[in-house]
Amino acid sequence: MKLQHYLGGLEGLPEDLSLEKRVFVEDWEKRIFGIHVAMMGLSNHLGAALPTYPIDEVPTAFKDEWTWADLRTGAEAMNPFDYFKFRYYEKWLGGITQFFLDKGYVTEEELAAKVAELAPPTAEPVEAIDEQVIAYLRKGDSPRRDVAHPKYPVGSTVRITNVAADAHSRLPGYLRGRTGTVERVFEGDYAYFTHTGDGIGDPMPIYVVEFDPAEVWGPRAEAGPETLYAELFEAYLAPIKEDS
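The opening position of the sequence shown corresponds to residue 1 in the UniProt record's numbering, with each subsequent residue numbered one higher.
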């Protein structure tokens, strides 16, 4: 279980968490956001996304898949204590940089030389690439693949699984092994843009599950009529086995 997936009720972190509310603290962070958006707009997963794009016809050297899932995987591969130390877009920078290194778009030597130069880019943008990125910003993509085919109807009591966290997980650590009630079933089956190794990736239903805080945090839960809701992929739910 990665530490950054398990923050519910966790105490004793090495440093206070930053509560910075500005979206961009420094100007370079805007450029990192733009690079990420451009990568998503040129990602080869768009050939299967809804709405579809003629991505194979776009004259770009970027021929890999890049989604929010890849960004999160890269950031969460960091040492947990480094993860908490760096600001939001510093994590993005690390994840994107490592992706380009791993995929061979740039070497560490080339990157170091470029940093030493600190020269602005001289190449003119390719119009077709710009058009595709703008189309992506306007239309987006969708992980929805079908109508919902849920195993658990509204009102079902379910137990949250305790699958091992792999490269990335969408399951909060504090919900593992807890019992809740299905409050809502989303209207479609939804894919996750990468297979995380803990059960999600292929299209499946997503549920809103309701939890009693006392079930999650025990006697340390705050008193009062509070309810916790979590959106969870079906792979993270298991039925309650009745005693025979």
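Backbone N, C-alpha and C define an ideal beta-carbon position, used for all residues, glycine too.
Straight-line Cα distance separating residue j from residue i
{"i": "residue 154", "j": "residue 224", "result": "25 Å"}
{"i": "residue 227", "j": "residue 185", "result": "18 Å"}
{"i": "residue 35", "j": "residue 218", "result": "44 Å"}
{"i": "residue 169", "j": "residue 37", "result": "22 Å"}
{"i": "residue 104", "j": "residue 98", "result": "10 Å"}
{"i": "residue 163", "j": "residue 47", "result": "31 Å"}
{"i": "residue 26", "j": "residue 81", "result": "22 Å"}
{"i": "residue 239", "j": "residue 159", "result": "6 Å"}
{"i": "residue 20", "j": "residue 75", "result": "19 Å"}
{"i": "residue 31", "j": "residue 142", "result": "25 Å"}
{"i": "residue 1", "j": "residue 188", "result": "For residue 1, the predicted structure reports a pLDDT of 43, less than 50, and the residue's modelled location is therefore unreliable. A value from the coordinates is still provided. In a straight line, the C-alpha of residue 1 is about 29 Å away from that of residue 188."}
{"i": "residue 216", "j": "residue 148", "result": "28 Å"}
{"i": "residue 93", "j": "residue 190", "result": "28 Å"}
{"i": "residue 55", "j": "residue 165", "result": "32 Å"}
{"i": "residue 204", "j": "residue 71", "result": "22 Å"}
{"i": "residue 178", "j": "residue 208", "result": "14 Å"}
{"i": "residue 108", "j": "residue 96", "result": "13 Å"}
Residue i burial status per 10 Å Cβ neighbour count (16 or more: buried)
{"i": "residue 241", "result": "exposed"}
{"i": "residue 69", "result": "buried"}
{"i": "residue 91", "result": "buried"}
{"i": "residue 230", "result": "buried"}
{"i": "residue 211", "result": "buried"}
{"i": "residue 157", "result": "exposed"}
Residue i - DSSP class collapsed to helix/strand/coil
{"i": "residue 238", "result": "strand"}
{"i": "residue 138", "result": "helix"}
{"i": "residue 222", "result": "coil"}
{"i": "residue 74", "result": "helix"}
{"i": "residue 171", "result": "coil"}
{"i": "residue 146", "result": "strand"}
{"i": "residue 199", "result": "coil"}
{"i": "residue 166", "result": "coil"}
{"i": "residue 229", "result": "strand"}
{"i": "residue 20", "result": "coil"}
{"i": "residue 94", "result": "helix"}
{"i": "residue 192", "result": "coil"}
{"i": "residue 57", "result": "helix"}
{"i": "residue 51", "result": "coil"}
{"i": "residue 301", "result": "The structure shown does not extend to residue 301, since the chain is modelled only from 1 through 244, so no value can be given for it."}
{"i": "residue 109", "result": "helix"}
{"i": "residue 85", "result": "helix"}
Nonlocal neighbours in the same chain, by C-beta distance under 7 Å from residue i, ignoring five residues either side
{"i": "residue 139", "result": "51"}
{"i": "residue 67", "result": "40, 43, 45, 193, 194"}
For residue i, the residue or residues it bridges with in DSSP
{"i": "residue 181", "result": "157, 210"}
{"i": "residue 205", "result": "189"}
Same chain only: Cβ atoms within 6 Å of residue i, ignoring 5 sequence neighbours per side
{"i": "residue 33", "result": "none"}
{"i": "residue 214", "result": "221"}
{"i": "residue 106", "result": "100"}
Residues near residue i in its chain [Cβ-Cβ closer than 8 Å; skip 5 each side]
{"i": "residue 200", "result": "170, 192, 233, 235, 236"}
Closer than 8 Å to chain D by CB, residue i
{"i": "residue 185", "result": "Of the protein chains in the structure, only one exists, and it is not chain D."}
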